[in-house]
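**Student:**
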Amino acid sequence: MIRPEYFSEEYGTAATISPLLIRKFQETIHSHFRDNPRPMPWRETSDPYRILVSEIMLQQTQVERVKSKYAEFLAAFPTVSALAKASLPAVLGVWQGLGYNRRAIALKNCAQEIMTSFEGSFPGTVAELESLPGIGPYTARAVALFAFGVVEPFIETNIRTVFLHFFFHGREHVHDREIMPLVEATIDHGNPREWYYALMDYGVMLKRCHVNPGRRSAHYAQQSPFKGSNRQLRSRMLSMIMAHSGVAAGALAAALEADTLAVERNLQAMEREGFVVREGDEVYVRQH
1 MIRPEYFSEE YGTAATISPL LIRKFQETIH SHFRDNPRPM PWRETSDPYR
51 ILVSEIMLQQ TQVERVKSKY AEFLAAFPTV SALAKASLPA VLGVWQGLGY
101 NRRAIALKNC AQEIMTSFEG SFPGTVAELE SLPGIGPYTA RAVALFAFGV
151 VEPFIETNIR TVFLHFFFHG REHVHDREIM PLVEATIDHG NPREWYYALM
201 DYGVMLKRCH VNPGRRSAHY AQQSPFKGSN RQLRSRMLSM IMAHSGVAAG
251 ALAAALEADT LAVERNLQAM EREGFVVREG DEVYVRQH
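The numbering of the sequence shown is full-length UniProt numbering, which starts it at 1 and goes up by one.
Structure follows, in structure tokens:
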């Protein structure tokens with residue numbers, strides 16, 4: 001196995017990446033992928049809707065939790081049309097357990113936008129995908145690649161980890177603008193789908209076997225614990241509103257034994273974000 005220091009030394013000395021170094025890097029990544037397969041249902045399809053669902057679910061969520069929820073979600077909403085027509089409470093109900101409920105709203109809003117602005121035809125270019133609500137540069141490029149074969153370089157946390165490990169050994173506070181040219185230069189254009197899956201899987205392995213190299217990124221931010229956080233309060237609030245539609249804001253704070261001002265602040269945010277509507281003092285989950 002070639003030491004990661006070798007890649008950093010070769011790249012740092014030349015200030016460019018040679019064809020030989022690219023080939024050795026690709027061989028290292030592909031070899032690990034072949035020897036350590038990680039079958040996942042979304043890797044067996046090129047359906048853009050299914051790929052979008054998986055990409056939204058996988059953001060900040062463990063793969064094993066996504067696998068079961070992915071199947072459940074697609075059984076409930078098998079097509080982009082079905083998701084667009086579904087009520088928001090139904091979508092949030094299936095989403096429960098994944099966390100980050102804003103992503104469920106973003107996914108439903110995407111489906112509605114595809115049905116209205118794109119007449120039900122799934123957009124296939126990066127620019128079109130980025131025009132969808134809540135879709136950023138990574139998700140747009142991932143869907144474009146995995147569904148339509150559009151090859152543009154992109155970075156996510158595991159890919160960033162790989163390049164930090166190999167090409168920035170010993171460096172701290174590395175910015176993505178330094179990494180992106182390497183991502184672009186090393187793409188395996190013969191099989192870009194597999195290449196990106198291989199990069200992601202190698203990054204997962206690195207995080208298990210080493211002190212996370214991603215911590216040396218200028219973009220690294222450690223996630224705060226869920227227990228006792230405002231995220232947990234929001235989750236509890238939404239669950240209660242879904243279970244007791246029309247609950248009064250004051251009763252909500254009392255039932256949750258939460259600070260009244262914190263509950264009110266979160267209700268205002270959830271209303272702006274499209275989770276809930278208020279009629280007087282009563283709170284309801286938005287229907288569509």
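Note that the Cβ used here is the ideal one computed from N, Cα and C, for glycine as well. These numbers come from a predicted model, not from an experiment.
Count the C-beta pairs between the region 197 to 207 and the region 147 to 162 that are closer than 8 Å, then say yes if the count reaches three, no if not.
**Tutor:** Short answer: they touch.
**Student:** For Tyr284, which residues does DSSP report across the bridge?
**Tutor:** Counted from its first residue, the sequence shown places residue 284 at position 284. Bridge partners of Tyr284: Val277.
**Student:** Tell me, please, whether the CB atom of Arg160 is closer than 8 Å to any CB atom in chain C?
**Tutor:** Any reference to chain C falls outside this structure, which holds one protein chain only.
**Student:** Taking DSSP as the reference, what is the three-state secondary structure of Ala15?
**Tutor:** As a working mapping, residue 15 is identified with position 15 in the sequence shown. Coil at Ala15, not helix or strand.
**Student:** Give me the Cα-Cα distance between Ala142 and His175, rounded to the nearest whole angstrom.
**Tutor:** As a first step, residue 142 is located in the sequence shown; it is residue number 142 there, counting from the start. As a first step, residue 175 is located in the sequence shown; it is residue number 175 there, counting from the start. Near 21 Å, if we compare the C-alpha coordinates of His175 and Ala142.
**Student:** If you draw a straight line from the alpha carbon of Pro78 to that of Ser8, how long is it in whole angstroms?
**Tutor:** Translated into positions along the sequence shown, residue 78 becomes position 78. Translated into positions along the sequence shown, residue 8 becomes position 8. One C-alpha to the other measures close to 46 Å.
**Student:** Rounded to a whole number of angstroms, what is the C-alpha to C-alpha distance between Glu172 and His165?
**Tutor:** In the sequence shown, counting from the first residue as 1, residue 172 sits at position 172. In the sequence shown, counting from the first residue as 1, residue 165 sits at position 165. Looking at the two C-alpha atoms, the distance is approximately 11 Å.
**Student:** If contacts are defined as beta-carbon pairs under 8 Å, then Gly134 and Asn109 qualify, I think. What distance do you get, rounded to the angstrom?
**Tutor:** Numbered from its first residue, the sequence shown carries residue 134 at position 134. Numbered from its first residue, the sequence shown carries residue 109 at position 109. Confirmed, Cβ separation roughly 7 Å.
**Student:** Are Val285 and Met237 touching if we call contact CB-CB under 8 Å?
**Tutor:** In the sequence shown, residue 285 corresponds to position 285, counting from 1. In the sequence shown, residue 237 corresponds to position 237, counting from 1. Result no, Cβ atoms of Val285 and Met237 do not sit closer than 8 Å.
**Student:** Looking at the unbroken alpha helix (DSSP H) that takes in Lys69, where does it start and where does it end?
**Tutor:** If you number the sequence shown from 1, residue 69 lands on position 69. Note, Lys69: alpha helix (DSSP H), Val63 to Ala76.
**Student:** Could you work out which residue in Ala253, Ala248 and Glu194 is closest to Glu282 when comparing CA atoms only?
**Tutor:** Within the sequence shown, numbered from 1, the residue matching residue 282 stands at position 282. Glu282 has its Cα closest to that of Ala248, out of Ala253, Ala248 and Glu194.
**Student:** For Phe73 versus Ala198, is the C-beta distance shorter than 8 Å?
**Tutor:** Counting from one through the sequence shown, the residue named residue 73 turns up at place 73. Counting from one through the sequence shown, the residue named residue 198 turns up at place 198. Not a contact, by the Cβ cut-off of 8 Å.
**Student:** With a threshold of 7 Å on Cβ separation, who are the neighbours of Glu55 within its own chain once the five nearest residues in sequence on each side are excluded?
**Tutor:** For this step, residue 55 is matched to residue 55 along the sequence shown. So the list reads Thr139, Ala142 and Val143, once near-sequence residues are dropped.
**Student:** Let's test the definition: count the other Cβ atoms within 10 Å of the Cβ of Asn191 and tell me whether it reaches 16, buried, or not, exposed.
**Tutor:** Numbered from its first residue, the sequence shown carries residue 191 at position 191. That one is exposed.
**Student:** If we count Cβ pairs, one from each stretch, closer than 8 Å, do we get three or more for the region 85 to 92 versus the region 119 to 128?
**Tutor:** At 8 Å Cβ cutoff, the stretches do not touch.
**Student:** When you compare only the Cα positions, how much space is there between Leu233 and Leu58?
**Tutor:** In the sequence shown, the residue the question calls residue 233 occupies position 233. In the sequence shown, the residue the question calls residue 58 occupies position 58. Near 22 Å, if we compare the C-alpha coordinates of Leu58 and Leu233.
**Student:** CB Tyr11 to CB Leu21, shorter than 8 Å?
**Tutor:** For this step, residue 11 is matched to residue 11 along the sequence shown. For this step, residue 21 is matched to residue 21 along the sequence shown. Yes; because the gap between Cβ atoms is below 8 Å, this pair is in contact.
**Student:** So, Pro48 versus Ala147, is the Cβ gap smaller than 8 Å?
**Tutor:** Within the sequence shown, residue 48 is the residue found at index 48, counting from 1. Within the sequence shown, residue 147 is the residue found at index 147, counting from 1. Their beta carbons are under 8 Å apart, which means Pro48 touches Ala147 by this criterion.
**Student:** Give, in chain order, every unbroken run of the alpha helix (DSSP H) that is at least 4 residues long and sits entirely within the region 77 to 109.
**Tutor:** For the region 77 to 109, whole alpha helix (DSSP H) runs of length 4 or above, ordered along the chain, are 80 to 85 and 88 to 95.
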